[in-house]
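Participant: Counting in UniProt numbering, the sequence shown runs from 1 upward without gaps.
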Amino acid sequence: MDISFTRLLMSKAGALPSLGIRLTTDIGLPRNRIRSLHLDNISTRPTNCSTDCPKEEKKKKKKKKKKKVIVITGPTGSGKSRLALNLAKRLDGEIISADSVQIYRGLDIGSAKPTLAEQKMVPHHLINILNPSEEYSAGQFFEDARKATNEVLSKGKVPLVTGGTGLYLRWFIYGKPEVPKASVDVTYEVCSELKHLQEKDKWDEAVELVVKAGDSKARTIPLNNWYRLRRSLEIIRSAGVPPSAFAVPYESFKKQPAFEQRCSDPAEKDLDFDFICLFLTSPRVDLYRAIDLRCEEMLRETEGLLSEASWLLDIGLRPNMSSATRAIGYRQAMKYLLECRNYGGRSTADSFIAFLYEFQKASRNFAKRQMTWFRSEFLYHWIDSSSPLDGVVDFICSAYEQTEKLMVPNNLLMTKNAPVRQKNYELKSYRTQNMIFKKETDCRHVLDWVWRTQRKLAE
Numbered sequence: 001m002d003i004s005f006t007r008l009l010m011s012k013a014g015a016l017p018s019l020g021i022r023l024t025t026d027i028g029l030p031r032n033r034i035r036s037l038h039l040d041n042i043s044t045r046p047t048n049c050s051t052d053c054p055k056e057e058k059k060k061k062k063k064k065k066k067k068k069v070i071v072i073t074g075p076t077g078s079g080k081s082r083l084a085l086n087l088a089k090r091l092d093g094e095i096i097s098a099d100s101v102q103i104y105r106g107l108d109i110g111s112a113k114p115t116l117a118e119q120k121m122v123p124h125h126l127i128n129i130l131n132p133s134e135e136y137s138a139g140q141f142f143e144d145a146r147k148a149t150n151e152v153l154s155k156g157k158v159p160l161v162t163g164g165t166g167l168y169l170r171w172f173i174y175g176k177p178e179v180p181k182a183s184v185d186v187t188y189e190v191c192s193e194l195k196h197l198q199e200k201d202k203w204d205e206a207v208e209l210v211v212k213a214g215d216s217k218a219r220t221i222p223l224n225n226w227y228r229l230r231r232s233l234e235i236i237r238s239a240g241v242p243p244s245a246f247a248v249p250y251e252s253f254k255k256q257p258a259f260e261q262r263c264s265d266p267a268e269k270d271l272d273f274d275f276i277c278l279f280l281t282s283p284r285v286d287l288y289r290a291i292d293l294r295c296e297e298m299l300r301e302t303e304g305l306l307s308e309a310s311w312l313l314d315i316g317l318r319p320n321m322s323s324a325t326r327a328i329g330y331r332q333a334m335k336y337l338l339e340c341r342n343y344g345g346r347s348t349a350d351s352f353i354a355f356l357y358e359f360q361k362a363s364r365n366f367a368k369r370q371m372t373w374f375r376s377e378f379l380y381h382w383i384d385s386s387s388p389l390d391g392v393v394d395f396i397c398s399a400y401e402q403t404e405k406l407m408v409p410n411n412l413l414m415t416k417n418a419p420v421r422q423k424n425y426e427l428k429s430y431r432t433q434n435m436i437f438k439k440e441t442d443c444r445h446v447l448d449w450v451w452r453t454q455r456k457l458a459e
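Below, the structure written as structure tokens:
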């Protein structure tokens, strides 16, 4: 074999394996066998070679495009439900409620549940699915909300997850922790252990029992939330560690970064959906005024919040007995009506105004906690709810169609720390200014209703 031909043969070696040809360097190979390879017709460009063609391989391994999910949240009274309804009509979407009270049947006014007309206009999910005596966890919400999201996407529609329950939304986006389920024996043991304490209304003693068992955070559990207290003890007895050991980090696929290390562009690539997360709010004083008015409106009609609270009492529930009766508005209204029943159905205007004040104060404090929670949730873009609704809807619709990084225009942007920079005296000197119940005569129809409906139920 001449040297020039051998070099030519070796130069073609990159192509031969792809054709199933085995190259031999046997000098004794007959020339006619080598010529029969038709080397002149073989391309010297390698094919199906991943090491030499990184661009080609990247194209083949390109990840499947994530489906988009819009998440709208904000403090109570910020207008998120109205925004979601308008967006759903524009984008042909369906609304998935992330509200821990709207899941209950019969709790319509106090939870600001969508009206029947609105529910017919746009399909809603996860409302009216439980009775008020039943409990519902963030884990159950994760399962139900993810199922509803996939159902909406399968129909080619846009999922709009809307609500103000922070833990629900965090688990929905990042996933839920793998908390161990208690065995039948453990459940029976824990229930027996706490049952006599609950029957004797010894909440503090029950809390200390769980603290001694290993959950130092049991003292932060809301008063009379026996479900959470029982669940905490079940986890300790099953896993040997408190529930906090299974807390969901900000990124379920990575260790949660320190607060000072967080940025506005987290590893969203690790999430299974392309989330468009929006937090709707307004300057604190304006928000508080809106909340106060909203509380009044829930009580203006006697067939509103008070009627629903009376129904809860009639079916045997009491304040703080369940998730539904711990809800802001219902808890205060039930206590007020119990006092009225204790006085033979009588109530004074001062008593009613005092109840209204407690309702408003609790609602404002809840809004403050919501803002604190979501201020540390870095996926959310803050939107000024005082901006014209049409402008906000147009922006979100445009953001849904775009592929580049979402940027909120300055005319719609609400700075996260704006409430902190707000003049302190505006908040410290804040006083409720009722717009509906200004004087005693404004309460007369409510007091008449209380007398008619509660005196026959007086204990």
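The beta carbon of each residue, even a glycine, is placed where N, CA and C say it ideally should be.
Assess contact between the region 128 to 148 and the region 78 to 91, defined as three or more Cβ pairs (one per stretch) separated by less than 8 Å. Is contact present?
Facilitator: no
Participant: Locate the beta strand (DSSP E) running through S97, then write down its first and last residues.
Facilitator: G93 to S97
Participant: For Y380, which beta-bridge partners are listed by DSSP?
Facilitator: C277
Participant: Beta-carbon within less than 6 Å of S100's beta-carbon, same chain only, minus the 5 sequence neighbours each way: which residues are those?
Facilitator: T165
Participant: Under the three-state reduction of DSSP, which class applies to L126: helix, strand or coil?
Facilitator: coil
Participant: Could you tell me which of P409, V158, Y400 and T348 sits nearest to K439, measuring between CA atoms?
Facilitator: Ranking P409, V158, Y400 and T348 by Cα distance to K439 puts T348 first.
Participant: Could you tell me the alpha carbon to alpha carbon distance between L306 and Q119, rounded to whole angstroms?
Facilitator: Those two C-alpha atoms are separated by around 23 Å.
Participant: Alpha carbon to alpha carbon, how far is P388 from Y380?
Facilitator: 20 Å
Participant: Quick one: what's got a C-beta closer than 7 Å to L287's C-beta in the same chain, skipping five residues either side?
Facilitator: P75, G77, S78, T281 and A367
Participant: Helix or strand or just coil, what does DSSP make of residue 500?
Facilitator: Residue 500 cannot be examined here, being either before or after the span of the chain that is shown, 1 to 459.
Participant: List, from N- to C-terminal side, the alpha helix (DSSP H) runs of 4 residues or more that fit wholly inside the region 412 to 456.
Facilitator: Segments of the alpha helix (DSSP H) lying fully in the region 412 to 456: 418 to 421, 424 to 428 and 444 to 454.
Participant: Cutting at 8 Å between CB atoms, please list the residues of its own chain near S81, excluding the five before and the five after it.
Facilitator: A112, P114 and T162
Participant: For L23, name the three-state secondary structure that DSSP assigns.
Facilitator: Because L23 carries a pLDDT of 43, less than 50, the predicted location of this residue cannot be relied on, and the following value inherits that uncertainty. Coil at L23, not helix or strand.
Participant: Over what stretch of residues does the alpha helix (DSSP H) that includes I353 continue unbroken?
Facilitator: A349 to R375
Participant: Excluding sequence positions up to five away, which residues of its chain have a Cβ less than 7 Å from the Cβ of K67?
Facilitator: L153, F273 and D274
Participant: Could you name the residues of the same chain whose beta carbon sits closer than 7 Å to that of L271, not counting the 5 residues immediately before and after it, in chain order?
Facilitator: I173
Participant: Can you tell me the Cα-Cα spacing of Q360 and V184, whole angstroms?
Facilitator: 43 Å
Participant: Would you mind giving the Cβ-Cβ distance between A84 and L194, rounded to the nearest angstrom? I have them listed as a contact below 8 Å.
Facilitator: Not a contact, Cβ separation roughly 39 Å.
Participant: Going by beta carbon distance, what residues of the same chain come within less than 7 Å of T453, once the five residues before and after it are set aside?
Facilitator: Cβ neighbours of T453 beyond the five flanking positions: S310.
Participant: Using DSSP's beta-bridge definition, name the partner residues of T162.
Facilitator: Partner(s): I72 and S97.
Participant: Going by C-alpha distance, which of S133, L116, G110 and H125 is nearest L317?
Facilitator: When only C-alpha atoms are compared, the closest one is S133.
Participant: Please report how far the alpha carbon of T73 lies from the alpha carbon of L116, in whole angstroms.
Facilitator: Rounded to whole angstroms, T73 to L116 spans 22 Å at the Cα level.
Participant: Spell out a yes or no on whether the region 228 to 236 and the region 209 to 216 are touching, meaning 3 or more CB-CB pairs, one atom from each, closer than 8 Å.
Facilitator: yes
Participant: I'd like to know whether the C-beta atoms of I109 and R300 end up nearer to each other than 7 Å.
Facilitator: no
Participant: The ligand PLP and I103: does any heavy atom of the ligand fall closer than 6 Å to the residue's C-beta?
Facilitator: Among the components modelled here there is no ligand, and therefore nothing to report on the ligand PLP.
Participant: For D350 and S398, what's the separation of their Cα atoms in angstroms?
Facilitator: 51 Å
Participant: Answer yes or no: do E189 and V285 have a C-beta to C-beta separation smaller than 7 Å?
Facilitator: no
Participant: Which residue spans inside the region 279 to 319 form an unbroken alpha helix (DSSP H) run of at least 4?
Facilitator: 284 to 300 and 305 to 314
Participant: DSSP three-state label for Y336, please.
Facilitator: helix
Participant: Sort out for me which residues DSSP pairs Y104 with in a bridge.
Facilitator: DSSP lists L130 as partners of Y104.
Participant: Would you report the Cα separation of V158 and V69, rounded to the nearest angstrom?
Facilitator: 7 Å
Participant: Write down every uninterrupted run of the alpha helix (DSSP H) in the region 169 to 228 whose length is 4 residues or greater and which is fully enclosed by it, in chain order.
Facilitator: 184 to 199 and 203 to 213
Participant: Given a cut-off of 7 Å on the beta-carbon distance, is the pair W395 and L413 in contact?
Facilitator: The sequence shown places Phe at residue 395, rather than the Trp named in the question. No. Outside cutoff.
Participant: Taking only beta-carbon positions, decide if K368 is within less than 7 Å of chain B.
Facilitator: In summary, chain B is missing from the structure at hand, where a single protein chain is found.
Participant: Does the beta-carbon of V241 have 16 or more other beta-carbons within 10 angstroms, so that it is buried, or is it exposed?
Facilitator: exposed
Participant: Given a cut-off of 7 Å on the beta-carbon distance, is the pair L223 and R341 in contact?
Facilitator: no
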